[in-house]
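First up is the structure itself, then whatever we jot down about it.
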Amino acid sequence: MVWQSVLISSSSLLLQAKMTVKATRMSCIAPSVYTKVPDGGWGWVVAFAFFFVEALTYGIIKSFGVFFTDLMESFDESNSRISWIISICVFVLTFTAPLSTILSNRFGHRLVVMIGGLLISTGMVVGSFARTVTEMYISIGIVSGLGYCLTFLPTVTILSQYFEKKRSLVTAVASTGECFAVFSFAPAITALKEHIGWRHSLLFVGLLQLGIVACGALLRPIIIKAQEVVKVSPVEEQRETKYMFENEQTRTSIDSIDSGVEVTTSPRNMSEDAKLKLKTEDEPKENTEMLTESSSIPTKEPKIQLLDFSILKDYGFICYALFGLFATLGFFAPSLYIIPLGISLGINKDSSAYILSAMAIAEVFGRISAGWVLNKKPIRKIYIELISVILLDVALFAFPLAYEFWGLMMCSIFFGFMLGTVAGTHIPMLAEDDVVGIERMSSAAGVYVFIQSLSGLAGPPLAGVLVDTTKNYSSAFYSCAAGMLLAAVFLSLVTPCKKCQSKKQPLQEKVSKTLQEVPDDFIEPDLGKNEETVRSCDSMA
Numbered sequence: 003m004v005w006q007s008v009l010i011s012s013s014s015l016l017l018q019a020k021m022t023v024k025a026t027r028m029s030c031i032a033p034s035v036y037t038k039v040p041d042g043g044w045g046w047v048v049a050f051a052f053f054f055v056e057a058l059t060y061g062i063i064k065s066f067g068v069f070f071t072d073l074m075e076s077f078d079e080s081n082s083r084i085s086w087i088i089s090i091c092v093f094v095l096t097f098t099a100p101l102s103t104i105l106s107n108r109f110g111h112r113l114v115v116m117i118g119g120l121l122i123s124t125g126m127v128v129g130s131f132a133r134t135v136t137e138m139y140i141s142i143g144i145v146s147g148l149g150y151c152l153t154f155l156p157t158v159t160i161l162s163q164y165f166e167k168k169r170s171l172v173t174a175v176a177s178t179g180e181c182f183a184v185f186s187f188a189p190a191i192t193a194l195k196e197h198i199g200w201r202h203s204l205l206f207v208g209l210l211q212l213g214i215v216a217c218g219a220l221l222r223p224i225i226i227k228a229q230e231v232v233k234v235s236p237v238e239e240q241r242e243t244k245y246m247f248e249n250e251q252t253r254t255s256i257d258s259i260d261s262g263v264e265v266t267t268s269p270r271n272m273s274e275d276a277k278l279k280l281k282t283e284d285e286p287k288e289n290t291e292m293l294t295e296s297s298s299i300p301t302k303e304p305k306i307q308l309l310d311f312s313i314l315k316d317y318g319f320i321c322y323a324l325f326g327l328f329a330t331l332g333f334f335a336p337s338l339y340i341i342p343l344g345i346s347l348g349i350n351k352d353s354s355a356y357i358l359s360a361m362a363i364a365e366v367f368g369r370i371s372a373g374w375v376l377n378k379k380p381i382r383k384i385y386i387e388l389i390s391v392i393l394l395d396v397a398l399f400a401f402p403l404a405y406e407f408w409g410l411m412m413c414s415i416f417f418g419f420m421l422g423t424v425a426g427t428h429i430p431m432l433a434e435d436d437v438v439g440i441e442r443m444s445s446a447a448g449v450y451v452f453i454q455s456l457s458g459l460a461g462p463p464l465a466g467v468l469v470d471t472t473k474n475y476s477s478a479f480y481s482c483a484a485g486m487l488l489a490a491v492f493l494s495l496v497t498p499c500k501k502c503q504s505k506k507q508p509l510q511e512k513v514s515k516t517l518q519e520v521p522d523d524f525i526e527p528d529l530g531k532n533e534e535t536v537r538s539c540d541s542m543a
């Protein structure tokens, strides 16, 4: 008997432990259901995951410049051909953005991000064994590029759904992951190469990027269910008023007795069966049958629209997409060419790597500052972004003027700060009403990043061709500054185009409403008059 009781108690403990583990797993897998945007909750875990996703995606891309010199010497290739590795990667990242949106809407953000993490790691690991630059085009450019797309965009989209009031600040702070990655990875990889070589260093980076899979597992879906407001129909109110008048005398006589009891036959205090009986007695049978038939019809759930192309009719979004197209020219090239520029000025490799790290730290403060400013209300966020783009363009023009270590360091810090204000807000800005709004943010982000793919493909190689032609790294920064100047022009046109289109819509709605209100027999009286006139003419003839 004792052993039986011990076995029963141990089995019950094991069962409880299994149930606890299962409940814990289900709590992480099941979607988060809220009645409104939580501005916190599980959103903080998603922000934590987004921080590391940024570090292991864009942080690695921006730190890839530390491999440029080694790849040129190992493969005996020119600067422009090595630049195509990152160019193809960025092109695939941006070109396949609509695919990322479709897959996320179809299969969920979590699964897509986990698959993307596997693709990134696979491409980097295979690239470490490449023997030609063409093999790196395929492994890092195409395979890892597709993984970057499936990883970054779904993560930033689901993070925007968890926050509303704090969206700008939380997104800006979480996006600093890439800045800390550049700050830490650039010196670390440079030191690691001296001990184990660039191939084993690249292999280590690829294995480190497997952490994206774990981050993707934390992206719990969110469901917003609005609270149902029960409204009393006019018929119910009239019936209740009727019963109140009929029972006024009864209620008064009973209330006069000091018993504390109130008797009423108001429908609110009646049972459900009595209400149903009263309703069937008062309403005609035809109405009752109609209600029964309508309630028996099964309601169909609305189909999820995988990609909304109607945003291409939004003039403001088109201008914003053109802004992103030209701004991308200035996002990647400076981080790729800052180390070669420093070496060309006589600065050693270690000091050049610290310049890149200083740029990354300045970008952290830029992102946090932008998020703090944009979180203030009331403020037109798109105007703050325009000012940041103009100052970023000034920073790009200042790079060729530097001729020694501290001058290049000051330019890098200024550029990093301004880059943080723009890079950390240009995609989350799509969720604001100044551009498209949170409802269409998923589709808008896919199309927006897709349009960026052209400049992502052409930007670094164009800068590489200019460097090979002029034998001067300053020409790469001039090309970036020219693209950023065009980006500022299109960004300034977003608000005027939005206002122009908003003025046209009320007029179109008014015309369509007027046409709908025209009765079907609007021209029948005139036709009748015409027929009478014809008959009178025939009789006279």
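Just so you know, we're using the numbering used here here: the sequence shown kicks off at 3 and counts up by one. Here a beta-carbon is modelled for each residue, glycine too, at the ideal position from N, C-alpha and C.
Chain-order list of residues whose beta-carbon lies under 6 angstroms from that of L194 (same chain, five-residue window excluded): The residues are S203.
Segment contact, 8 angstroms Cβ cut-off, at least three pairs: the stretch 457-471 with the stretch 80-95: Contact between the stretch 457-471 and the stretch 80-95 is present: three or more C-beta pairs spanning the two stretches fall below 8 angstroms.
Use the C-beta contact count for I381: other C-beta atoms within 10 angstroms, 16 or more gives buried, fewer gives exposed. So I381 ends up on the exposed side.
If distances are taken between C-alpha atoms only, which option among S457, D41 and G332 comes closest to K167? The option with the nearest alpha carbon to K167 is D41.
Counted within 10 angstroms of its Cβ, other Cβ atoms place P498 as buried (16 or more) or exposed: That one is exposed.
Would you check whether the ligand FMN has a heavy atom nearer than 7 angstroms to the C-beta of Y356? By its list of ligands, the structure shown contains no ligand whatsoever, and the ligand FMN lies outside what it can speak to.
Between the alpha carbons of P402 and Y339, how many angstroms are there, rounded? Straight-line Cα distance between these residues: approximately 12 angstroms.
According to DSSP, is I381 part of a helix, a strand, or is it coil? Coil, per DSSP.
Use the C-beta contact count for C217: other C-beta atoms within 10 angstroms, 16 or more gives buried, fewer gives exposed. Buried is the call here.
State the DSSP-derived secondary structure class of T427, mapped to helix, strand or coil. Note: T427 maps to coil in three-state DSSP.
Can you find the residues in the same chain that come closer than 6 angstroms, C-beta to C-beta, to I363, ignoring five residues on each side of it along the sequence? Counting only Cβ-Cβ distances below 6 angstroms, and skipping sequence neighbours, we find F185.
Note down, one range per segment and in chain order, each alpha helix (DSSP H) of at least 4 residues found wholly within the stretch 123-172. Whole alpha helix (DSSP H) segments, 4+ residues: 135-138 and 147-164.
With I191 as the anchor, note down where its alpha helix (DSSP H) starts and where it stops. G179 to L210 is the span of the alpha helix (DSSP H), which, as asked, contains I191.
Quick test of your reading: L358 and S337, contact by CB under 8 angstroms. State the CB separation rounded to the nearest angstrom. The C-beta separation of L358 from S337 comes to about 7 angstroms, placing the pair in contact by the 8 angstroms criterion.
Whole-angstrom distance between K64 and L388, CA atom to CA atom: The straight-line gap from Cα to Cα measures roughly 24 angstroms.
Burial state of D78, where buried means 16 or more other Cβ atoms lie within 10 Å: So D78 ends up on the exposed side.
Do you know how far the Cα of L171 is from the Cα of S353? In a straight line, the C-alpha of S353 is about 33 angstroms away from that of L171.
Straight-line Cα distance separating F97 from T134: Rounded to whole angstroms, T134 to F97 spans 25 angstroms at the Cα level.
Per-residue DSSP class, three states only, for K302: Low local confidence applies: a pLDDT of 48 at K302 is under 50, so the model's placement there is unreliable, with the coordinate-based value given in what follows. Three-state result, K302: coil.
Buried or exposed for S12, going by 16 or more other Cβ atoms inside 10 Å? Residue placement at S12 is flagged as unreliable, the pLDDT there being 48, under the threshold of 50; the coordinate-derived value follows with that caveat. If you draw a 10 Å sphere on the C-beta of S12, you find fewer than 16 other C-beta atoms in it, and that means exposed.
Quick check: L394 and G332, are their CB atoms within less than 8 angstroms of each other? Their beta carbons are under 8 angstroms apart, which means L394 touches G332 by this criterion.
Note down the Cα distance separating Q211 from V437, rounded to an integer number of angstroms. Using only the alpha carbons, I get a separation of about 33 angstroms.
How many whole angstroms separate the CB atoms of G118 and L152, which I take to be in contact at a CB cut-off of 8 angstroms? Contact flag correct, Cβ pair sits at about 3 angstroms.
Quick check on F247: does DSSP put it in helix, strand or coil? Since pLDDT at F247 reaches only 47, below the 50 mark, its modelled position is unreliable, and no value is offered.
Where does N474 sit, in a helix, a strand or coil, going by DSSP? Of the three classes helix, strand and coil, the one that applies to N474 here is coil, per DSSP.
Should Y356 go down as buried or exposed, given a rule of 16 or more other Cβ atoms within 10 Å for buried? Burial of Y356 is indicated by the presence of at least 16 other C-beta atoms within 10 angstroms of its C-beta.
For M361 versus F417, is the C-beta spacing smaller than 8 angstroms? Judged by beta-carbon spacing, F417 lies within the 8 angstroms limit of M361, meaning their Cβ atoms are closer than that value.
Please say whether G426 and A174 have beta carbons closer to each other than 8 angstroms? Taking 8 angstroms as the Cβ cut-off, A174 and G426 qualify as a contacting pair.
Use the C-beta contact count for M412: other C-beta atoms within 10 angstroms, 16 or more gives buried, fewer gives exposed. Classification of M412: exposed, given that the 10 Å Cβ count is below 16.
CA nearest to the CA of V207, picked from K500, I62, E75 and I341: When each option's Cα is compared against that of V207, the closest is I62.
Tell me which residues share the same chain as V47 and place their Cβ nearer than 7 angstroms to its Cβ, disregarding the 5 neighbours each side in the sequence. Result list for V47: L220, in chain order.
Going straight from the alpha carbon of A57 to that of K505, what length do you get? If I take the Cα positions, the gap works out to 43 angstroms.
Can you tell me whether E180 is buried or exposed, with buried defined as 16 or more other CB within 10 angstroms of its CB? Flag for E180 reads buried.
Which of helix, strand or coil does DSSP assign to E545? Given that the chain is displayed from residue 3 to residue 543, the structure contains no residue 545 and the question cannot be resolved.
Which same chain residues end up closer than 8 angstroms to G439 when comparing Cβ atoms and leaving out the 5 residues on each side of it in sequence? Within the same chain, G439 has close Cβ partners A433.
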